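Enquirer: Residue numbers (the numbering used here): 1 to 378. All C-beta atoms, glycine included, are put in the ideal place defined by N, C-alpha and C. Fair warning: this is a prediction, and the values are worked out from it, not measured in the lab. I am attaching a structure below and will ask some questions about it afterwards.
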């Protein structure tokens, strides 16, 4: 089946009693056994639940993995994926990744004895130079959050495989509709399902997708023993949302292209970060490894924080809020919001300044979005 058809139908036909056309919610925390040695396939919801399993089947199909594990939040998915490794292991990642991921790596996992190098992953020489005998993972975030820098997934995976290094890609920004890292050689994919996969800003969740039997078994053990699985109701919400992933992503992208073109060259804007623009340094790479440009963009407003505060105060359609990927358009200030957990030094090293503004384009009419921005920019 084609992608859009799998979005709608994979993981759905679970009700053999009444033939429900939607996946039922199984809120039960426990399931009775037929005997001391047999049960229906489920015994306790932390270890597995039919509704969560349906979502996992769906996402695994969309990403091209053999299994997926739905977690309680995007950050618990990141935590589960890094738990594939051990204290003392070295992990290479970008210096411009999501602030919450940076915080988890630089504070919590570093405290536990893991080693991290935050580099410019768009520079393959810098990636190669960071490799040590202890390097076990390359963590790829592309496009990066919030500056939409791209990493050549296939090239990084080739480097990693030559050294026996596992590659993990955070595919949240594009979703499997626009990018499938496993097809480019990546071993593991993570998502914050809160974002585009759910798409309605009414649930938090995450997932880890794997493509080898070894990672399948280990990831099940991590999620089960750590209690990281998402609730049945949250799984049902994401499964409902993913049905419209294809048309939503097209609508997000249409608006992002229109807004990026409007902002590009606006006298109050010094720079636009959107790979769909031909002026973006990674435009050709985006066309090569992505099937679209997505619904996210960032821009630098002239005048720093005072100008940004005045701009935000005038917006009527856009909501000043963190998160992304919902049907409504959101806008935020990374310096004090999504990336506040990074030190200022780390933010500046990653290219995030007091001028940076991140935008998640919803599915409203593009003319209304542009009119709102135009009025606010003055």
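#1: I need the straight-line Cα distance from residue 284 to residue 155, nearest angstrom please.
#2: Judging by CA-CA distance, which residue of 48, 32, 226 and 95 is the nearest neighbour of residue 83?
#3: Once DSSP output is grouped into helix, strand and coil, what is the label at residue 194?
#4: Output needed for residue 307: all residues of its chain with C-beta closer than 7 Å, excluding positions within five of it in sequence on either side, in chain order.
#5: Starting from residue 70, trace the alpha helix (DSSP H) in both directions and tell me its first and last residue.
#6: Count the CB pairs spanning the segment 90 to 100 and the segment 130 to 147 that are closer than 8 Å, and state whether there are at least three.
#7: Which residues mark the beginning and the end of the alpha helix (DSSP H) in which residue 309 is found?
#8: Which ranges would you report for the alpha helix (DSSP H) in the segment 124 to 153 if only whole runs of at least 4 residues count?
#9: What distance in whole Å lies between the Cβ atoms of residue 316 and residue 372, which are believed to be in contact at a cut-off of 8 Å?
#10: Using C-beta distances below 6 Å, list every residue in its chain close to residue 370, excluding the 5 sequence neighbours before and after it, in chain order.
#11: Which value, in whole angstroms, describes the spacing of the CA atoms of residue 249 and residue 325?
#12: DSSP state of residue 234, grouped into three classes?
#13: Take every Cβ of the segment 216 to 235, pair it with every Cβ of the segment 338 to 349, and state whether three or more of those distances are shorter than 8 Å.
#14: Apply the 10 Å Cβ neighbour rule to residue 34 and answer buried if 16 or more other Cβ atoms are within range, or exposed otherwise.
#15: Leaving out five residues before and five after residue 271 in sequence, what residues of the same chain have Cβ atoms less than 7 Å from its Cβ?
#16: Going by DSSP in three states, residue 200 sits in which element: helix, strand or coil?
#17: Helix, strand or coil for residue 90? Go by DSSP, reduced to three states.
#18: Within 10 angstroms of its Cβ, does residue 358 collect 16 or more other Cβ (buried), or is it exposed?
#19: Is residue 50 closer than 8 Å to residue 107 when the C-beta atoms are compared?
#20: Looking at the structure shown, is residue 319 part of a helix, part of a strand, or coil, going by DSSP?
#21: Tell me, please, which residues DSSP counts as bridged to residue 395.
#22: Between residue 187 and residue 166, how many whole angstroms is the CB-CB distance? I'm expecting something under 8 Å.
#23: How long is the line joining the alpha carbons of residue 52 and residue 295, rounded to whole angstroms?
#24: Which residue marks the beginning of the beta strand (DSSP E) containing residue 299, and which one marks its end?
#25: Kindly provide the ranges of any beta strand (DSSP E) runs that are 3 or more residues long and lie completely inside the segment 332 to 365, ordered along the chain.
#26: According to the Cβ coordinates, are residue 157 and residue 70 closer than 8 Å?
#27: So the alpha helix (DSSP H) residue 51 belongs to, where does it begin and stop?
#28: Report the partner residues of residue 273 according to the DSSP bridge assignment.
#29: What distance in whole Å lies between the Cβ atoms of residue 363 and residue 252, which are believed to be in contact at a cut-off of 8 Å?
#30: Looking at C-alpha atoms only, which residue of 275, 241, 335 and 327 is the closest neighbour of residue 9?
#31: Give the DSSP bridge partners of residue 115, in chain order.
#32: List the endpoints of the continuous alpha helix (DSSP H) containing residue 29.
#33: Following the continuous alpha helix (DSSP H) through residue 222, name the residue where it begins and the one where it ends.
#34: With DSSP as the reference, identify every bridge partner of residue 44, one or two as the case may be.
#35: Quick check on the DSSP output: the alpha helix (DSSP H) that includes residue 101 runs from which residue to which?
#36: Which value, in whole angstroms, describes the spacing of the CA atoms of residue 6 and residue 181?
Expert: In short, the structure shows the following:
#1: Taking C-alpha positions only, residue 284 is separated from residue 155 by approximately 15 Å.
#2: 226
#3: coil
#4: 301
#5: No alpha helix (DSSP H) holds residue 70; the beta strand (DSSP E) holding it covers 67 to 71.
#6: yes
#7: 304 to 314
#8: 124 to 130
#9: The distance from the Cβ of residue 372 to that of residue 316 is about 6 Å, consistent with a contact at the 8 Å cut-off.
#10: Setting aside the 5 residues that flank it on each side, residue 370 is surrounded in the same chain by 262, each with a C-beta closer than 6 Å to its C-beta; the list follows chain order.
#11: 9 Å
#12: helix
#13: Taking 8 Å as the limit for Cβ pairs, the verdict is that the segment 338 to 349 does not touch the segment 216 to 235.
#14: Result: exposed.
#15: If the five residues before and after residue 271 are omitted, its C-beta is found closer than 7 Å to the C-beta atoms of 299 and 300, all from its own chain and listed in chain order.
#16: coil
#17: In the structure shown, residue 90 adopts extended strand secondary structure according to DSSP, grouped into three states.
#18: It is buried - the Cβ of residue 358 has at least 16 other Cβ atoms within 10 Å.
#19: no
#20: strand
#21: Outside the displayed span of the chain (1 to 378) sits residue 395, for which this structure offers no information.
#22: 5 Å
#23: 27 Å
#24: 296 to 301
#25: 356 to 360
#26: no
#27: 50 to 63
#28: Residue 273 is bridged to 298.
#29: 6 Å
#30: For the options 275, 241, 335 and 327, the alpha carbon positioned closest to that of residue 9 is the one of 241.
#31: 90
#32: Counted as a single uninterrupted DSSP element, the stretch harbouring residue 29 is not any alpha helix (DSSP H), since DSSP gives it neither H nor E.
#33: Following the DSSP letters along the chain, one finds residue 222 inside the alpha helix (DSSP H) bounded by residues 213 to 226.
#34: In the DSSP output, where bridge partners are listed per residue, residue 44 has 30.
#35: Residues 99 to 103.
#36: 18 Å
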